[in-house]
Structure formats: C-alpha cells, structure tokens
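Once you know that position 293 of the sequence shown is 316 in the working numbering, the rest is easy, because the numbers rise by one and skip nothing.
For every residue, glycine included, the Cβ atom is placed at its ideal position computed from N, Cα and C.
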Amino acid sequence: MAIQILPARLANQIAAGEVVERPASVVKELIENSLDAGATRIDIDIEKGGAKLIRIRDNGSGIGKDELALALSRHATSKVSTLEDLERIMSLGFRGEALASISSVARLTLTAKTPEQSEAWQAMAEGRDMEVKVMPASHPKGATIEVRDLFFNTPARRKFMRTEKTEFGHIDEVIRRIGLSRFDVDIMLRHNGKQVRQYRAGNLPSQQDKRVAAVCGPAFIQSALKIDCEHHGFRLWGWLAPPSAARAQNDVQYTYVNGRMMRDKLLNHAIRQAYGEQLPPDTHGAFVLYFELDATEVDVNVHPAKHEVRFHQSRLVHDFIYQVLAQALEQAPTAPAEPSVV
Ligand code: ADP
Ligand code: MG
C-alpha cells in the first residue's frame, strides 16, 4: 500500500483507542473538561452502564458558538499554546484530543452557553468525517455533553465492553476519585434515572470529612491519621489509615498530584515503604493523599490517559513522602482505636 495521510475520522478513531477505553474513560475526560471550565456543579446521567448514554452537565464557562465545531476537532485546545505552557500545566486537560476522539466513536452532542451570549448553541457530530452541524438551543450558562451509543461504529471496541454493572462500577469509581479531588464542587451521579451519589460542595474540615466518609466509608475516616506537612516547596496532606485499620482489600487507595488523580508507581512505592512491615499479612493500607508541588517540577505529559507523571526530582519526592508518612505512623496508636462515642 502506498503511504497516505489518514482521513480525519480514522486518525481520531485510532487516537480514541488510547483515550477512550470504556465508558468510564469518557466520563473522566468530560468531567475533567467541566472542572477546567471552572464548573462548581456537575450532574452526570448514565444509562445502561454508559453504553447507551453518558450526559455531563456543568455550570462552567461554556463554549462560544464559533468555537463549538473547533472544540470537536483534534489538537484543538484552549489550554496550552506554547511549549512553556506545556511545561507548567495547571489544567487537567491539554492534549485537545478527548472530544475529537469521543465524537469519532459515538454520537456526540455539545450544547453550551457562554456568559456573553444571549442564547445557547448546539453542535452535533456522529462519528462522520468530522462534519459538525451547529444550531440554536436552550441551555443556561455552562455546557452539556451528551454521548450516545458509544462504539456504535467500532464493533471490535464494543465487544470489549463488559456488563452494564461492571461498566457502571468503573464509572462510579471515577466519580469517587473525582469527588475526592474537588471538595468545592457539587457532584451528582444518576444511573438509569436513579440517583446513586450526591456530593455536596464544601471545603470546611467537617465537610471534607463527610465527603471522605461518603466515598471511603465512615470506618476509614474514624481511624485515619490526618496528614499535613510542607517542606521545601512540597506539601503532602490527607488521610492515612494506621496499620491497625488495614483493610482486606486495596479499595481505599487514592493519590493525587496537584489535584490530578494518579496511579503512580513512585508514590505507591513510597507509601508502601512507609507502612513497611507493619501491615498484617494479606491486608492493605488505606489512604487519601494529596501531593502538591510547583507545576514546573512535574511532567504530566507522559501517558495519554494522564494518570502517570514524571517528577524532575523523583528521589526527593519519594523520600519526602516516605518520611512524612513513616513519621505519622510512628506516632499512631498500635492497638485498634476505641470506637469513639459521638
Ligand atoms: P483538552 O481538554 O485537552 O483541551 P478536549 O478535547 O477535552 O481537549 O476539549 C477541547 C476544548 O473544548 C477544551 O480545550 C475547551 O476549550 C473546550 N471544552 C470542552 N469541554 C468543555 C466544557 N465542559 N466547558 C467549556 N469548555 C469545554
Ligand atoms: Mg479535556
């Protein structure tokens, strides 16, 4: 075959393979966009585990009529324009790929209104050759993105989708992770018309505790050590279960770097090392930890799904996290805590 440039739709579908693994990855990308747009309230509606419908509605900055079609094209982003921007990313998104990828493998509708516009506009893309129709619509300030019939035109991908229950479980986990990343945002999740989660916004310690309890269970927050340590531009804060409150499963392990949820080897290694030999056999540590550092000290452009990072001073980061946690654990009571009387 002769060398040829791929048609736009095919190029997007190939990129979608990296970004859009399953309904939960669509949910993650869309919510990240809402957060980047400054939303303080995000409503998520799911039907049939996301295979039939994923609808995310936010009250963020919206998208102007003239930019609707652009938002759906590949490498179109309002978040970076120079290499310097890329080297100090503050937003969750920056690849300009999510909407293009999603719209190449689903029927996507984007409805939005900016504060400057008097009416809302809607754009539709149906996995076609990126031909986008724009028409008037009704919507308050913000944006709603509707994704129907995910993978309708990519049967191979569709085959990989699991049962409705399994796919919804993955979506729910994304919501929990994001719920823990932004205490200041109202988040509501519905499945097949039924409300499944509602997290209310609030940054007071008691409100944070309440949300952590809602996500991780009341037992976790009751026993957890509160962590907060700052040193040389690094800050680590959050909650760490003492060994006496170790869990049978590794289901409460949440780490964030500059507000971005992570599955990072270096962080996990430092945490495991801090627990050392203290965890009873066949048990797992439990933690919700936020690591913050200057954006120029970390490279987020490592993985298409953005859940790995590279630290410029990885040794220092590792040792800092290890030391803070090891010290906290040293001071922890060794016997199971008495249930506190409220
Ligand atoms: P990225 O997030 O990497 O910039 P996306 O494909 O996810 O790329 O989104 C493309 C652009 O569309 C964003 O840069 C942003 O300007 C706009 N956008 C997407 N979703 C929203 C939203 N919910 N509210 C406002 N603008 C949005
Ligand atoms: Mg994005």
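Per DSSP, which one or two residues make a beta bridge with residue 222? 210
Going by the C-beta, is residue 175 closer than 8 Å to any heavy atom of the ligand ADP? no
Going by beta carbon distance, what residues of the same chain come within less than 6 Å of residue 290, once the five residues before and after it are set aside? 278
Quick one: residues in its chain with C-beta nearer than 6 Å to the C-beta of residue 137, no 5 flanking neighbours on either side, listed in chain order? 85 and 87
Put residue 296 into one of helix, strand or coil per three-state DSSP. helix
I think residue 149 touches residue 38, with their Cβ atoms under 8 Å apart; what is that distance to the nearest whole Å? At roughly 18 Å, the Cβ-Cβ gap does not stay under 8 Å, so residue 149 and residue 38 are not in contact.
Using a threshold of 8 Å, is the CB atom of residue 104 nearer than that to any non-hydrogen atom of the ligand ADP? no
Verify whether the separation of the beta carbon atoms of residue 167 and residue 135 is less than 9 Å. yes
Tell me which same chain residues have a C-beta within less than 7 Å of the C-beta of residue 296, skipping the five on either side of it? 345
Can you grab the Cα-Cα spacing for the pair residue 194 / residue 46, in whole Å? 7 Å
Please classify residue 36 as buried or exposed, where buried requires at least 16 other C-beta atoms within 10 Å of its C-beta. buried
Reference residue 147; option with closest CA among 141, 140, 158 and 139: 158
So which of 354, 340 and 24 has the shortest CA-CA distance to residue 249? 354
Any heavy atom of the ligand PLP closer than 8 Å to the CB of residue 348? No copy of the ligand PLP appears in this structure; the ligands present are the ligand ADP and the ligand MG.
Quick check on DSSP: helix, strand or coil for residue 197? helix
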